[in-house]
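What follows is a single structure, written as structure tokens, with notes after it.
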Amino acid sequence: MNLNVVPTAIPEVLILEPKVFGDDRGFFFESFNARAFEQVTGVKRTFVQDNHSRSARNVLRGLHYQIQHPQGKLVRVTVGEVFDVAVDLRKSSPTFGKWVGVTLSAENKRQLWVPEGFAHGFVVTSDYAEFLYKTTDYWYAEHERSIVWNDPDLGIEWPVQGTPILAAKDAAGARFASADLFD
Numbered sequence: 001m002n003l004n005v006v007p008t009a010i011p012e013v014l015i016l017e018p019k020v021f022g023d024d025r026g027f028f029f030e031s032f033n034a035r036a037f038e039q040v041t042g043v044k045r046t047f048v049q050d051n052h053s054r055s056a057r058n059v060l061r062g063l064h065y066q067i068q069h070p071q072g073k074l075v076r077v078t079v080g081e082v083f084d085v086a087v088d089l090r091k092s093s094p095t096f097g098k099w100v101g102v103t104l105s106a107e108n109k110r111q112l113w114v115p116e117g118f119a120h121g122f123v124v125t126s127d128y129a130e131f132l133y134k135t136t137d138y139w140y141a142e143h144e145r146s147i148v149w150n151d152p153d154l155g156i157e158w159p160v161q162g163t164p165i166l167a168a169k170d171a172a173g174a175r176f177a178s179a180d181l182f183d
């Protein structure tokens with residue numbers, strides 16, 4: 001697999017750019033290869049669940065994480081475009097409370113590796129988007145947590161106009177200062 005890794009301001013959060021082969025028929029690329037993923041990232045994980053969502057413009061999902069059974073996520077967009085965010089929730093980390101935002105789209109075919117110990121969210125910046133992600137652990141409703149998207153302590157610069165469209169659980173998310181965090 002031809003895979004380029006682009007570092008972000010948080011060293012553990014990585015942008016992955018697959019080599020895309022295109023011609024007059026269309027394109028082809030490997031969207032995931034466990035051996036190549038480990039070789040280029042140094043991260044060895046087993047992914048146990050794939051999820052797929054479709055959302056309209058200005059829908060914001062997040063900031064989600066699981067306090068027990070934390071999930072690493074490998075995320076990508078197959079239709080449209082999103083602004084994708086990872087927030088470091090590890091109290092022992094030098095980047096604790098910092099965030100990284102990356103544009104992922106069907107056009108750029110980028111993926112983002114969001115390790116365990118991070119909150120994750122995205123907002124749709126196109127008419128609609130289809131979002132796929134692999135997780136390193138299963139979803140457990142009782143362990144899911146949410147931090148409110150516009151927490152002033154985090155200061156995430158979301159590219160939204162007006163108020164985004166939120167699920168009730170995301171609108172009621174905890175403030176960063178009072179959220180359950182990782183050691």
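Using full-length UniProt numbering, count along the sequence shown one by one with no gaps and you end on 183.
In this text, a Cβ means the ideal position worked out from N, Cα and C, and glycines have one as well.
None of the values given here were measured: they were computed from a predicted structure.
- With respect to Lys109, Val40 sits apart: the two C-beta atoms are not nearer than 7 Å.
- The C-beta distance from Leu63 to Val85 rounds to 7 Å, short enough to fall under 8 Å.
- In the DSSP assignment, Asp23 falls outside any alpha helix (DSSP H) and lies within the beta strand (DSSP E) extending over 21-23.
- By the beta-carbon neighbour count (other beta carbons within 10 angstroms, threshold 16), Ala168 is exposed.
- Looking from the CA of Asn4, the closest CA among Pro18, Gly26, Ser53 belongs to Pro18.
- Under the three-state reduction of DSSP, His69 is assigned to coil, being neither helix nor strand.
- Counting only runs of at least 3 residues, the segment 112-182 fully encloses the following beta strand (DSSP E) elements, listed from N- to C-terminal order: 118-124, 128-135, 144-146.
- Listed in chain order, the non-local C-beta contacts of Pro159 below 8 Å within the same chain comprise Phe83, Val123, Thr125, local neighbours out to five positions each way being set aside.
- Inter-segment contact for the segment 128-142 and the segment 85-100 is absent: fewer than three beta-carbon pairs are separated by less than 8 Å.
- The beta-carbon distance between Val114 and Val13, rounded to whole angstroms, is 6 Å. This is short enough to meet the 8 Å contact definition.
- In this structure Ser55 is buried. Its beta-carbon is surrounded by 16 or more other beta-carbon atoms within 10 angstroms.
- The three-state reading of DSSP puts Val40 in helix, counting H, G and I together.
- In the assembly as shown, Tyr133 is a buried residue. Its beta-carbon has 16 or more other beta-carbons within 10 Å.
- Approximately 6 Å separates the beta-carbon atoms of Ile15 and Val102; this is inside 8 Å, confirming the contact.
- Residue pairing from DSSP leaves Ala106 without any beta-bridge partner.
- A straight-line Cα-Cα distance of about 13 Å links Leu181 and His69.
- A direct Cα-Cα distance of roughly 32 Å separates Glu130 from Ser178.
- Minimum Cα-Cα distance from Phe27 among the listed residues Asp50, Glu107, Val6 corresponds to Glu107.
- Excluding residues up to 5 positions away in sequence, Thr103, Leu104, Ser105, Ala106, Glu107, Val124, Thr125, Ser126, Ala129 lie with their Cβ nearer than 8 Å to the Cβ of Glu81 in the same chain.
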